[in-house]
Structure formats: structure tokens, C-alpha cells
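I have placed the structure first, in the form of C-alpha cells, so that the comments after it can refer back to it.
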Amino acid sequence: KKKKHKKKKESKKSKQKQSEEEIPPPPPTPQMSRYKLLGENDDIRIDFETRCIPRQEKKITVSVIFSNLSSNFIKNIEFNVLDTLNTRLIRDEKSSQHDALSVPFSLPPSARNECQLDFSATSVTMPQRLKGTVTYMLQDETRQHTNQEKLDFKLHLPCSSYLIPSPLSSHHFTKLLSSGDLGDKATLQLNKPDITLEVFLQRLCFYLKFSVVEQIGESASLYSASIQQHHVCLLVKTVNAGISVDGKSDNSSLLSNIMDEVKTVAQP
């Protein structure tokens, strides 16, 4: 009986050890979110994510979630950004480039709602930062007192905002690499990263919108394309105690900026 008990203990321990090794530290893909904080104060929180529009070479959508953090009623919400030469908020035809956009809803206490805003982009090879302001009316519970409030923010649009997940066969991937069209190269070495190759690939696909072309053992090839048809190819492999990333593209500026994002994605 004692021996049996000992065996059970051992198997429990080994099972525990096994399960500990199998579970990667970061959360699985479904728990990841592309939404980032745009701005927050005591009244309101604003989060956003970017989405590409198929067959639109010079336009992206920014999806914005407004959350009322207060016990007051928030109404007359207006969203405005300072356009740059490259990136502009698309307003209706009657508006000037300085006019704010009216958000089509009010927010009762603790409510949240979402709206989509379109932006035009001339070039997609450089990250963009746009200064902006959200103004709103704050009405107390009695609905007798109303104050105008504002929240300033900086909208950061990295180059991955303009990438579209584009599945590619290994045959076409090899053909593209040997075509001579991808003249720009960049290499990145991640020493002792806190994530496994598997989780790193998950993050590249989820956050930076790459597609895995092929994975063999400890190496994988990935591909993505910009809304303006730039190609970005990555070869990711585990080397000694780290992960190496070789990038190829037909645009050096885009590749350099995407590689900076690759570095960020590797961080826990």
C-alpha cells in the first residue's frame, strides 16, 4: 500500500511538472486585444484600434470605444485631430479640415459605445502621430448643471496599421524571395526573450498582421502586405538561447519601422 501511495505521489508530481512546462506564460490569442488606450480622465476613457479596408490603398479605419467612467451623463461628444500632410481625418464634404466630427451617441453613466472614423494616408512607410482633442458636455444626475470638458490625446499610427494579413503559399513566397524585387534587408537578434517561438509567432500574426507561410521545426516564414502592396517577409528562427528575425521588403523605411515593432512585440 505504501508503495502504491508513493507511485501516485510521483505521478502527480511529474504530471504537475509536465503541465507547468507546457503552459506558456503569456495569455493565449483569444485574450489578446489590439485596442490601445488613446486617453483617459475621471469622466471618460477612450480606446482605439486600426483596421484596413480591403482594396483601399489610401484609407484606414480607426475604431474608437468611448467609456463613461462617471455617474454623470456625457453628451455632445466631438472628436478632432490636427491633420498632417500625410494623414487626414475624413470629414464630410461641407466641413473644413479644422472641423470636429460629432460622435453619433451620448453616454449614460457607466455606458460604453463604439464608432468608426476613417483616415486618409498618402504614404504608409512611416509611423504617424496626430494630436487631437475630444470635447463633451458633462451633465449631472439632476440634468440641471452642464459643463463642457475636454480630453487631449496623441493618436499613434504605427506602420503595422497599414498592413493586411495576406495568406501566401510557400511556392509563391519562395518565388517572391528569389525574384530580386525585395532589395531591402534587416536583421534582428532577440537574446533570451521571455517568450517561446510559438507565442512570438502568435503575437506577430495577431498584433502586426502577418500570416505564417510555413513552419518547420524551430523556424518559420511569415508574410504581410501593406494596403499599397508593399511586401514584407520575415524568417523567424530560434538560435542558441534567442530568436533571430530576418526581414526582407521592397521598401527600406517600412521594413525598418516594422522591425522596430517586431522588437516591441517580443517584450512581455
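Position one of the sequence shown corresponds to residue 1 (the UniProt record's numbering), numbered consecutively onward. No residue lacks a Cβ here, since even glycine has one placed at the ideal position from N, Cα and C. Bear in mind the structure is a predicted one, so any value in this text is a computation, not a measurement.
Within the region 153-201, the complete alpha helix (DSSP H) runs of at least 4 residues fall at 170-178. Here Thr-135 really is in contact with Gln-148; their C-beta atoms are around 6 angstroms apart, less than 8 angstroms. In the DSSP assignment, Asn-113 falls within the beta strand (DSSP E) that extends over 112-121.
In terms of Cβ geometry, Leu-254 and Asp-246 do not form a close pair [threshold 8 angstroms].
Per DSSP, Leu-255 lies in no beta strand (DSSP E) segment; the continuous alpha helix (DSSP H) that holds it begins and ends at 252-266. Non-local C-beta neighbours of His-156 in its own chain, meaning closer than 6 angstroms and more than five positions away in sequence, comprise Arg-129, ordered along the chain. Straight-line measurement puts the Cα of Leu-138 at about 36 angstroms from the Cα of Cys-159.
For Met-137, the uninterrupted beta strand (DSSP E) segment begins and ends at 128-139. A Cβ-Cβ distance of about 18 angstroms is found for the pair Lys-192 and Ser-219, leaving them out of contact under the 8 angstroms criterion. 8 angstroms or more divides the Cβ of Leu-190 from the Cβ of Leu-204. The straight-line gap separating the alpha-carbon atoms of Leu-82 and Asp-152 is approximately 11 angstroms. Sequence-distant Cβ neighbours of His-230 in its own chain, meaning closer than 8 angstroms and more than five residues away, are Val-124, Thr-125, Ser-249, Asp-250, Asn-251 and Leu-254. Between the beta-carbon of Pro-165 and that of Ser-211 there is about 5 angstroms, and that keeps the pair under the 8 angstroms contact cut.
For the set Ile-44, Asp-43, Glu-49 and Glu-40, the Cα lying nearest the Cα of Arg-34 is the one of Glu-49.
DSSP places Leu-85 outside both helix and strand once states are collapsed to three, so it counts as coil.
DSSP links Cys-52 through a beta bridge to Ile-60. Under the 10 Å beta carbon count, Ser-161 is surrounded by 16 or more other beta carbons and is classified as buried. As DSSP reads the structure, Asn-72 sits in no beta bridge. Residue burial annotation: Thr-87 is buried, with at least 16 other C-beta atoms found within 10 angstroms of its C-beta. Burial check for Ser-224: the Cβ neighbour count within 10 Å reaches 16 or more, so the residue is buried. The residue from Val-239, Cys-233 and Lys-209 with its alpha-carbon nearest to that of Val-265 is Lys-209.
With a 10 Å radius around the Cβ and a threshold of 16 neighbouring Cβ atoms, Asn-240 comes out exposed. For the pair Ser-106 and Cys-115, the Cα-to-Cα distance works out to about 12 angstroms. Between Phe-119 and Ile-77, the C-beta spacing is not below 8 angstroms.
Ser-170 and Val-199 have their C-alpha atoms spaced approximately 22 angstroms apart. By the CB criterion at 8 angstroms, Ile-216 and Val-232 fall outside the cutoff.
Close CB contacts of Pro-268 within its chain, under the 6 angstroms cut and outside five residues either way in sequence, are with Asp-194 (chain order). With 16 or more neighbouring CB atoms inside 10 Å of its own CB, Ile-243 falls in the buried class.
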